[in-house]
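Okay, so the sequence shown: first residue is 23 according to this note's numbering, each after it adds one.
One structure below.
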Amino acid sequence: LIALVSKWEKDDAELNSNLKKFIKFYQMTKDFDKRNELGAKPFGIILDKIEQLKNLKDLDEVFQDLTLESLETPFNFNVMQDFMNSNNQVLYFSAADLFLPDTSYYKDENTKAQLIGLFTMTTKQLLTMYGLSEEKIDKLISEALAFDALLVPVTKSSVEKADYVKMYNPLSKEEVKKLTKNFDLIGNAEKLVNDSVDQLVVTNLDFINAFDSIFNDSNFEIIKSWMIVNNAIKFASNLSDELRVAGGAFMRALYGIKEPRAKDKAAFYQAYDQFDQVVGLYYGETYFGPVAKEDVKVMVHEMIGVYKERISGNTWLNEETKEKAIKKLSTLSVHVGYPDELPSYYDSFEVKSYEEGSDLIKEKLAMNRIINAYNFKKYNKEPNRNIWGMPASMVN
23 LIALVSKWEK DDAELNSNLK KFIKFYQMTK DFDKRNELGA KPFGIILDKI
73 EQLKNLKDLD EVFQDLTLES LETPFNFNVM QDFMNSNNQV LYFSAADLFL
123 PDTSYYKDEN TKAQLIGLFT MTTKQLLTMY GLSEEKIDKL ISEALAFDAL
173 LVPVTKSSVE KADYVKMYNP LSKEEVKKLT KNFDLIGNAE KLVNDSVDQL
223 VVTNLDFINA FDSIFNDSNF EIIKSWMIVN NAIKFASNLS DELRVAGGAF
273 MRALYGIKEP RAKDKAAFYQ AYDQFDQVVG LYYGETYFGP VAKEDVKVMV
323 HEMIGVYKER ISGNTWLNEE TKEKAIKKLS TLSVHVGYPD ELPSYYDSFE
373 VKSYEEGSDL IKEKLAMNRI INAYNFKKYN KEPNRNIWGM PASMVN
């Protein structure tokens, strides 16, 4: 893929508009001279958004914007397929992740102390690169950890999260409002999906039951510090090479990864991950092709037909079971080679270069807004099964 993209950089005449946007964005991600020159400055736009918040009411008023731009907030909304009805998509509500990967890390005091110490050290090094004072950094980390500690008792372990049935808890609008008097969850949900929301699917009842005891103005300063620290870590990969490396230090140490990804490779995948379906479609059409795609589709449908015949002629299954199995086979979505359509949000991307006054943070926020608006529009709609969940370049 990297060799293919290098070829495109030399001659993009045959590329479609979305591939040209990808190339333009890639030229920004790999320009480390410019990224290093800008340093932490582009993060100022995010820091200002958080610093200006004075209380929960302020957060309530801007929550829609922060969510659309994919800033780290202490709780999230997502539109996903309904667990009980695969032909519809509903709104899920969940808590943010903890700083450590699982609640089990917090149970053993020695393990917790060691990992929190590692987190504190790496985060302090990172925030120093953002140009913050030592006093400010110590306050931010201390308060962020204090808020993290409030989330631990109401966070599911990885084992509990594996029980998908218990992650599906539909609550009515009235039930949600009764439990969350300090923040207008339903109002924000309705703004995000631009529709009325009569119920939320809550992934963790413990979290929403404790919502008002956690989210109140007495805790707002530690919530705010948590947001600053989380976003500083999240968006570091869009800044200088020094910040990129520092931003991943904690997770590398946690998982025993000795070296950060080489900057050239990191720059490529940073751009590729933003346009993976676009690049994947070209890859699939070029290296798999329409003839092979149709041949394989015919083979798959023939195999489905064989299975239907075998089930119909089965003598030990009852008729109801056979009917359900055949119905399931009849409704299978066959995905071969590359998708027939891409998510439409790529067409709305407008990449602006450094010379045009932009930077990677501005580009990332703009793209996030487009992608998230697209995803929230799926609410209460049947899934488009022509859209793939992974790029064709990965499939092939």
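By construction, the Cβ of each residue, glycine as well, lies at the ideal position given by its N, Cα and C atoms.
Reduced DSSP category for F1 - H, G, I as helix; E, B as strand; rest coil: The structure shown does not extend to residue 1, since the chain is modelled only from 23 to 418, so the question has no answer here.
Residue range of the unbroken alpha helix (DSSP H) whose run includes N252: The residue labelled residue 252 in the question sits at position 230 within the sequence shown. N252: member of the alpha helix (DSSP H) spanning F242 to F257, first to last residue.
Beta-carbon spacing of N110, K403 below 9 Å: For this step, residue 110 is matched to residue 88 along the sequence shown. For this step, residue 403 is matched to residue 381 along the sequence shown. A contact, by the Cβ cut-off of 9 Å.
S262 vs M151 beta-carbon contact at 9 Å: Here residue 262 corresponds to residue number 240 of the sequence shown, with the count starting at 1. Here residue 151 corresponds to residue number 129 of the sequence shown, with the count starting at 1. Closer than 9 Å, so yes.
Assigned exposure category for T202 - 16 Cβ within 10 Å defines buried: As a first step, residue 202 is located in the sequence shown; it is residue number 180 there, counting from the start. Result: buried.
Candidates Q103, E307, M389 and F229, of which the one nearest K400 by Cα: Counting from 1 along the sequence shown, the entry for residue 400 is found at position 378. Checked all of Q103, E307, M389 and F229; the closest Cα to K400 is Q103.
Bridge-paired residues (DSSP) for Y114: Counted from its first residue, the sequence shown places residue 114 at position 92. The partner list for Y114 (beta bridge, DSSP) reads N100 and V223.
Touching by the beta-carbon criterion (3+ pairs, under 8 Å), the region 109–124 and the region 170–179: yes
Segments of 4+ residues assigned as alpha helix (DSSP H) that fall wholly inside the region 287–328: Listed in chain order, the complete alpha helix (DSSP H) runs (minimum 4 residues) inside the region 287–328 are 298–309.
Assigned secondary structure, S194 (DSSP; H/G/I helix, E/B strand, else coil): Residue 194 sits at position 172 when you count from the first residue of the sequence shown. DSSP places S194 in strand when its eight states are reduced to three.
Which of helix, strand or coil DSSP assigns to F237: The residue you call residue 237 lines up with position 215 of the sequence shown. Note: F237 maps to coil in three-state DSSP.
Span separating the alpha-carbon of M412 from that of Y186: Position 390 of the sequence shown holds residue 412. Position 164 of the sequence shown holds residue 186. Looking at the two C-alpha atoms, the distance is approximately 22 Å.
Per-residue DSSP class, three states only, for G66: For the purposes of this step, residue 66 is identified with residue 44 of the sequence shown, where counting begins at 1. Note: G66 maps to helix in three-state DSSP.
Alpha helix (DSSP H) runs contained entirely in the region 345–407, provided each spans 4 or more residues: For the region 345–407, the full-length alpha helix (DSSP H) segments reaching 4 residues or more read 367–370 and 382–398 along the chain.
Cβ contact check for the region 78–96 and the region 210–228: 3 or more pairs under 8 Å: Segments in contact, yes.
Buried or exposed (CB count within 10 angstroms, at least 16 for buried), S415: Against the sequence shown, residue 415 aligns to sequence position 393. Label assigned to S415: buried.
P64, buried or exposed, once every other Cβ within 10 Å from all chains shown has been counted against 16: For the purposes of this step, residue 64 is taken as residue 42 along the sequence shown, with counting starting at 1. P64 should be labelled buried.
Sequence-distant residues of the same chain with beta carbon closer than 6 Å to D82, five excluded per side: The residue you call residue 82 lines up with position 60 of the sequence shown. Hits under 6 Å: F205 and D206.
Residues of its chain near L137, where Cβ-Cβ distance is below 8 Å and the 5 sequence neighbours each way are ignored: For the purposes of this step, residue 137 is taken as residue 115 along the sequence shown, with counting starting at 1. Closer than 8 Å at the Cβ level, and outside the excluded window around L137, lie L122, Y127 and L276.
Of the residues L265, N418 and K129, the one placed nearest T144, counting alpha carbons only: Here residue 144 corresponds to residue number 122 of the sequence shown, with the count starting at 1. T144 has its Cα closest to that of L265, out of L265, N418 and K129.
Integer-rounded CB distance, given that E73 should sit under 8 Å from N252: Here residue 252 refers to the residue found at position 230 when the sequence shown is read from its first residue. Here residue 73 refers to the residue found at position 51 when the sequence shown is read from its first residue. The Cβ separation is near 14 Å, so there is no contact.
Of the residues P365, E243, E331 and I236, the one placed nearest N77, counting alpha carbons only: Walking along the sequence shown from the start, residue 77 turns up at place 55. When only C-alpha atoms are compared, the closest one is E243.
Proximity of K384 and I67 at Cβ, strictly below 9 Å: Start at 1 with the first residue of the sequence shown, and residue 384 comes out as number 362. Start at 1 with the first residue of the sequence shown, and residue 67 comes out as number 45. Yes, the Cβ-Cβ distance between K384 and I67 is below 9 Å.
Minimum C-alpha distance to A347 - residue among I326, N216 and V358: Within the sequence shown, residue 347 is the residue found at index 325, counting from 1. A347 has its Cα closest to that of I326, out of I326, N216 and V358.
Whether Y305 touches Y360 by CB criterion (9 Å): In the sequence shown, residue 305 corresponds to position 283, counting from 1. In the sequence shown, residue 360 corresponds to position 338, counting from 1. For Y305 and Y360, yes; Cβs fall inside 9 Å.
Where V328 falls, given that 16 or more other Cβ within 10 Å makes a residue buried: Position 306 of the sequence shown, counting from 1, holds the residue named residue 328. Under this definition V328 is an exposed residue.
Beta-carbon contacts of Q147 that lie in its chain and below 8 Å, excluding the five residues immediately before and after: Residue mapping note: residue 147 aligns to position 125 of the sequence shown, counting from 1. Within the same chain, and ignoring the five residues on either side of Q147 in sequence, the residues whose Cβ sits closer than 8 Å to its Cβ are A268 and A271.
Close Cβ partners of K256 (< 7 Å) along its chain, the five nearest in sequence each way excluded: For this step, residue 256 is matched to residue 234 along the sequence shown. Hits under 7 Å: E94.
Beta-carbon proximity list for I236, same chain, < 7 Å, skipping 5 on both sides: Reading the sequence shown from its first residue, position 214 is the one you call residue 236. So the qualifying residues of the chain are L172.
Pairwise C-alpha distance: V417 and V356: Residue 356 sits at position 334 when you count from the first residue of the sequence shown. Residue 417 sits at position 395 when you count from the first residue of the sequence shown. Looking at the two C-alpha atoms, the distance is approximately 13 Å.
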